[in-house]
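Q:
Number of protein chains: 2
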Amino acid sequence: MTELRKTVETYWSAAQARDWAAFADTLSIDVLYDLPQTRERIRGRENFLTFNRDYPADWRLLRINRVVADPESAQVVTWVHVAVGLEEMYAITYFTGDADGRITTITDFWPEPYEPPTGREHLAERY
Amino acid sequence: MTELRKTVETYWSAAQARDWAAFADTLSIDVLYDLPQTRERIRGRENFLTFNRDYPADWRLLRINRVVADPESAQVVTWVHVAVGLEEMYAITYFTGDADGRITTITDFWPEPYEPPTGREHLAERY
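In structure tokens:
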């Protein structure tokens with residue numbers, strides 16, 4: 002039984018290498034990919050592979066900032082930084098897995114910068 | 002030794018109840034609170050308590066959608082839905098803890114809805 006954490010590490014390295022055979026092997030055939038911010042859902046490995054293959058090739062994984070792995074519930078959350086062209090972005094991604102250590106659901110968040118509301122400058126420093 | 006997962010559950014229930022004594026008890030005295038989207042950082046329990054006490058009282062925890070707890074690295078990630086007035090929002094929050102099960106760092110993301118780019122309607126359904 003493969004640990005989901007290992008599968009997720011392969012998911013990111015294979016995506017970065019555009020190694021679609023290795024990438025496909027991390028996924029359950031019925032994988033569900035959700036983007037709550039746009040309310041988009043992609044069903045199944047084939048569609049999700051197409052989605053990733055078609056994604057602009059100037060995408061680059063900069064670093065995996067955090068991995069939180071819950072072996073008991075077969076859940077993993079990553080926080081990764083990527084470059085898309087000259088822009089740096091980050092994604093928070095929830096994964097769940099099956100008994101074979103394959104990914105069954107992926108829930109992806111892409112939080113964007115915003116200006117802080119006024120009235121808390123006395124409590125918060127900027128970095 | 003309190004498990005960080007339990008502390009985090011208390012953190013959310015105490016925040017919802019505005020029970021600041023119970024809330025304070027979940028936090029290390031040196032707790033760091035980061036908002037990467039605004040690049041704000043609040044240092045220390047007292048400042049973070051003030052920040053929360055001053056936050057509009059029409060805030061309401063709707064549900065804890067997911068909890069991913071990594072006992073080995075003392076990390077927990079939650080995905081919660083809240084109502085702020087009539088608006089529903091969600092937050093992804095990373096916690097780390099100390100040996101006493103108190104929270105040492107909190108990293109909070111508030112992803113906002115956006116319109117999906119065109120060109121993937123054939124792969125993605127909307128929900």
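These protein sequences, in sequence, are chains X and H.
Its first residue numbered 2, the first sequence is counted upward by one per residue in my numbering.
Its first residue numbered 2, the second sequence is counted upward by one per residue in my numbering.
Glycine included, C-beta positions come from ideal geometry on N, C-alpha and C.
Please identify, using Cβ separations under 9 Å, the residues of the stretch 10–43 of chain H that lie next to chain X, in order along the chain.
A: For the stretch 10–43 of chain H, which is checked against every Cβ of chain X, the residues closer than 9 Å are 34, 35, 36, 37, 38, 39, 40, 41, 42, 43.
Q: Within 10 angstroms of its Cβ, does residue 41 of chain X collect 16 or more other Cβ (buried), or is it exposed?
A: Under this definition residue 41 of chain X is a buried residue.
Q: Of the residues H/72, H/88, H/89, H/82, which one's Cα is nearest the Cα of residue 98 of chain H?
A: Taking only the C-alpha atoms, the option nearest residue 98 of chain H is H/72.
Q: Under a Cβ-count criterion, where at least 16 other Cβ atoms within 10 Å of its own Cβ denotes burial, should residue 30 of chain H be classed as buried or exposed?
A: That one is exposed.
Q: Determine, using beta-carbon pairs with one atom in the stretch 31–51 of chain H and one in the stretch 117–126 of chain H, whether at least three such pairs fall under 8 Å.
A: No: fewer than three Cβ pairs fall under 8 Å.
Q: Compute the Euclidean distance between the alpha carbons of residue 74 of chain X and residue 5 of chain X, then round it to the nearest angstrom.
A: Roughly 10 Å between the two C-alpha positions.
Q: Any beta carbon from chain X within less than 8 Å of residue 101 of chain H's own beta carbon?
A: So, not an interface residue.
Q: Give the secondary structure of residue 18 of chain X by DSSP, where H, G and I count as helix, E and B as strand, and everything else as coil.
A: Of the three classes helix, strand and coil, the one that applies to residue 18 of chain X here is helix, per DSSP.
Q: What is the residue span of the beta strand (DSSP E) that residue 88 of chain X lies within?
A: Per DSSP, residue 88 of chain X belongs to the beta strand (DSSP E) from 88–98.
Q: What does the alpha-carbon distance come out to for the pair residue 116 of chain H and residue 102 of chain X?
A: The alpha-carbon atoms of residue 116 of chain H and residue 102 of chain X are separated by roughly 33 Å.
Q: With DSSP as the reference, identify every bridge partner of residue 109 of chain H, one or two as the case may be.
A: Per DSSP, H/94.
Q: The beta strand (DSSP E) with residue 79 of chain X in it runs from where to where?
A: From DSSP, the beta strand (DSSP E) with residue 79 of chain X extends over 76–85.
Q: Using a Cβ distance threshold of 8 Å, determine whether the stretch 51–66 of chain X contacts the stretch 82–100 of chain X, with at least three qualifying pairs required.
A: At 8 Å Cβ cutoff, the stretches touch.
Q: Do residue 27 of chain X and residue 11 of chain X come within 8 Å of each other at the CB atom, strictly closer than that value?
A: Yes; because the gap between Cβ atoms is below 8 Å, this pair is in contact.
Q: For residue 50 of chain X, which three-state DSSP category applies?
A: Of the three classes helix, strand and coil, the one that applies to residue 50 of chain X here is helix, per DSSP.
Q: Select from X/22, X/23, X/121, X/45 the residue whose C-alpha is nearest the C-alpha of residue 107 of chain X.
A: Comparing Cα positions, the closest option is X/45.
Q: Please list the partners that residue 51 of chain X has in chain H, where partner means a Cβ-to-Cβ separation under 7 Å.
A: Here the neighbours are 124.
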